[in-house]
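Be aware that the sequence shown starts at 482, since it is given in our numbering, and climbs by one per residue. C-beta atoms are modelled at their ideal positions from N, C-alpha and C, and glycine is treated no differently.
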Amino acid sequence: MNQIDIEKSPASFRDPSGYIFFRNDQIFRTIRFSYKQNYDFFISSELYNRLTKDNLLIEHEEVDYPGLDSSDIYKVLKPTKIEFITYPYEWSFSQLKDAALLTLEIQQIALEHNMTLKDASSFNIQFQGNKPIFIDTLSFESYKEGRPWVAYRQFCMHFLSTLLLMKYNDLGMNRLMSLYIDGIPLEMTKNLLPIKAFFKISHLSHIYLHSMSEKHSSSDNIERDIRITKNSLYALIQNLKKIIKNLTLSVKNTTWGNYYVENSYTREELQNKKIIVEEYINTISPSRLLDLGANTGLFSRIASSRNIFTVSTDYDPYCVELSYLEAKEKKEKNILPLFLDLTNPSPDLGWNGMERKSFLKRNKFDLVMVLALIHHLVISNNVPLDELTKCFSQMAHNLIIEFIPKQDIQVKSLLVNREDIYSNYNQEYFEKAFGKLYNIIRKETVSNLGRTLYLMKKW
Numbered sequence: 482m483n484q485i486d487i488e489k490s491p492a493s494f495r496d497p498s499g500y501i502f503f504r505n506d507q508i509f510r511t512i513r514f515s516y517k518q519n520y521d522f523f524i525s526s527e528l529y530n531r532l533t534k535d536n537l538l539i540e541h542e543e544v545d546y547p548g549l550d551s552s553d554i555y556k557v558l559k560p561t562k563i564e565f566i567t568y569p570y571e572w573s574f575s576q577l578k579d580a581a582l583l584t585l586e587i588q589q590i591a592l593e594h595n596m597t598l599k600d601a602s603s604f605n606i607q608f609q610g611n612k613p614i615f616i617d618t619l620s621f622e623s624y625k626e627g628r629p630w631v632a633y634r635q636f637c638m639h640f641l642s643t644l645l646l647m648k649y650n651d652l653g654m655n656r657l658m659s660l661y662i663d664g665i666p667l668e669m670t671k672n673l674l675p676i677k678a679f680f681k682i683s684h685l686s687h688i689y690l691h692s693m694s695e696k697h698s699s700s701d702n703i704e705r706d707i708r709i710t711k712n713s714l715y716a717l718i719q720n721l722k723k724i725i726k727n728l729t730l731s732v733k734n735t736t737w738g739n740y741y742v743e744n745s746y747t748r749e750e751l752q753n754k755k756i757i758v759e760e761y762i763n764t765i766s767p768s769r770l771l772d773l774g775a776n777t778g779l780f781s782r783i784a785s786s787r788n789i790f791t792v793s794t795d796y797d798p799y800c801v802e803l804s805y806l807e808a809k810e811k812k813e814k815n816i817l818p819l820f821l822d823l824t825n826p827s828p829d830l831g832w833n834g835m836e837r838k839s840f841l842k843r844n845k846f847d848l849v850m851v852l853a854l855i856h857h858l859v860i861s862n863n864v865p866l867d868e869l870t871k872c873f874s875q876m877a878h879n880l881i882i883e884f885i886p887k888q889d890i891q892v893k894s895l896l897v898n899r900e901d902i903y904s905n906y907n908q909e910y911f912e913k914a915f916g917k918l919y920n921i922i923r924k925e926t927v928s929n930l931g932r933t934l935y936l937m938k939k940w
């Protein structure tokens, strides 16, 4: 097997300890000889076994891989594949909170095995069902007595800063992580947070005082120069855990949180819609489904409850939060709630635009579901139906889509304060536009105002 057969991940070039590569839709991680001592201790100390046993760290197997330049490669690992890669600017508040607590738990356990996390990036976390899991096997190094936690500042920038901004400012503040992929600067966090956020001494010490120290010297150098006992490190971890566990969101009303109660459907119509969606899903029998505009995931769960891996997205971060909390409460393994603004999805980011893939490039699905959404895209965002057709056709071969006519109360509400310039927004043109790329397999009227569900397949 030649070196040319592999595809190196552009997201792992920063790590001197190894790199990730792909072949035949499988993922591999190399370990360079420079990391040999830390890796061997990671295994021999039983830290790997402890973390994987508790489902805190992704499992891997060591494999032979001929064709690599063996002069630089100590080991090749084949980790368990994550179903869908996500980034912190797509998570809900509680997803980020759980990722933060996972990072702290791993750091605490690592110290018990005389190791420590050398970085605490939120990008080291992915989600398997309703639980976060750590994926960077090369983030561990041997603990040296008296040395502080070198990843403390990074943890504050990636997790604590973002959670505080989401709590005290706006739930959408985690989108700043797409601008600052190395973490939100603590000075910026200090300037953005309201005064009441600093009434708690814990917030003051970890954010305000920490940011002040950055003005005078490199925080990394400060942390490396100060000697600190292991017991003090444990105390720091416990303090951060307590702070983050106590961060909660106040219950509030959201534009779409009560949609299923306050919408155009009667109870009978809503039940009929569920039955038809289930029939459409069964007709396709997908293994992977993408639900766009999923709200709190009512229809997503028709698929996920049938062991179909379902990415359930919505523009309202509070809806995503409610959906994730439901997934946790019910221990649902096949649904992944995520924030997605379809008019401005997560783009390619990082060095050379290659470190973080855009949402639309990360994976393909067997079926995309678009229920009660296109009228918002057409009328609120001025996206033509022809553009929607092209967009959805790139996501999956099969489509379940709902057309909402102008006589529907929801469309009328969108047109109240704007001129109706949407002459092409009608059912005839909708079918014509989508008929260019799709074959309409089935269509069913699901409300007395003319809402219609379609099942389509690409020609």
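Alpha carbon to alpha carbon, how far is residue i from residue j?
i    : j    : result
D651 : F494 : 33 Å
K938 : R531 : 47 Å
I789 : V851 : 17 Å
T670 : F502 : 35 Å
I762 : A784 : 7 Å
T933 : E883 : 6 Å
L585 : W630 : 11 Å
P865 : S786 : 34 Å
N862 : R656 : 20 Å
K924 : K838 : 35 Å
N753 : I881 : 15 Å
K562 : I616 : 10 Å
V742 : E836 : Unreliable positioning characterises V742 in this predicted model, as indicated by a pLDDT of 48, which lies under 50. The coordinate reading is nonetheless provided below. Roughly 41 Å separates the two Cα atoms.
N907 : S766 : 30 Å
I921 : F509 : 41 Å
K489 : D901 : 50 Å
G738 : S620 : Low local confidence applies: a pLDDT of 48 at G738 is under 50, so the model's placement there is unreliable, and no value is given.
K648 : L830 : 26 Å
I703 : I688 : Residue confidence is low: I703 scores 46 on pLDDT, short of 50, so the model does not pin down where it sits. Its coordinate-derived value is still stated next. About 15 Å.
N712 : Q609 : 32 Å
Could you say which of the options lies nearest to residue i if we only look at CA atoms?
i    : options                : result
P675 : G664, S642, S602, Y661 : S642
C800 : G774, K811, N879, S786 : G774
M876 : T670, L918, G653, D901 : L918
D847 : H878, N727, F840, E868 : H878
T588 : Y546, S551, L537       : Just to set this straight, residue 588 is Gln in the shown sequence, not Thr. The residue with the shortest Cα to Cα distance from Q588 is L537.
E912 : N595, L869, D579       : L869
N825 : K578, D600, S659       : S659
P497 : F514, L936, Q891, R504 : F514
N929 : I922, K814, I890       : I890
K726 : I614, S683, A492       : S683
S552 : K578, G499, N595, S603 : G499
G664 : K677, S603, I709       : S603
G931 : E760, Y796, Y746, Y910 : Y746
Which term fits residue i, buried or exposed, when burial requires 16 or more other beta carbons within 10 angstroms of its beta carbon?
i    : result
L528 : buried
S686 : exposed
G627 : exposed
P828 : exposed
K556 : buried
N605 : buried
S731 : exposed
Q888 : exposed
K811 : exposed
K534 : exposed
L936 : buried
Given a cut-off of 7 Å, decide if residue j and residue i are closer than it, judged by their beta-carbon atoms.
i    : j    : result
L750 : S573 : One point to set straight first is that residue 750 is Glu, not Leu, in the sequence displayed. No, the Cβ-Cβ distance between E750 and S573 is not below 7 Å.
F640 : A581 : yes
N844 : F565 : yes
H856 : I885 : yes
T511 : I554 : yes
G653 : P798 : yes
L583 : A632 : no
S781 : I816 : yes
Q635 : Y805 : no
V849 : L771 : yes
A808 : N672 : no
I860 : L823 : no
Assuming residue i and residue j make a contact with CB atoms under 8 Å, what is their CB distance in whole Å?
i    : j    : result
P569 : E540 : Wrong, their Cβ atoms sit about 23 Å apart, outside the cutoff.
L821 : T791 : About 13 Å; that fails the 8 Å criterion.
L714 : L592 : 6 Å
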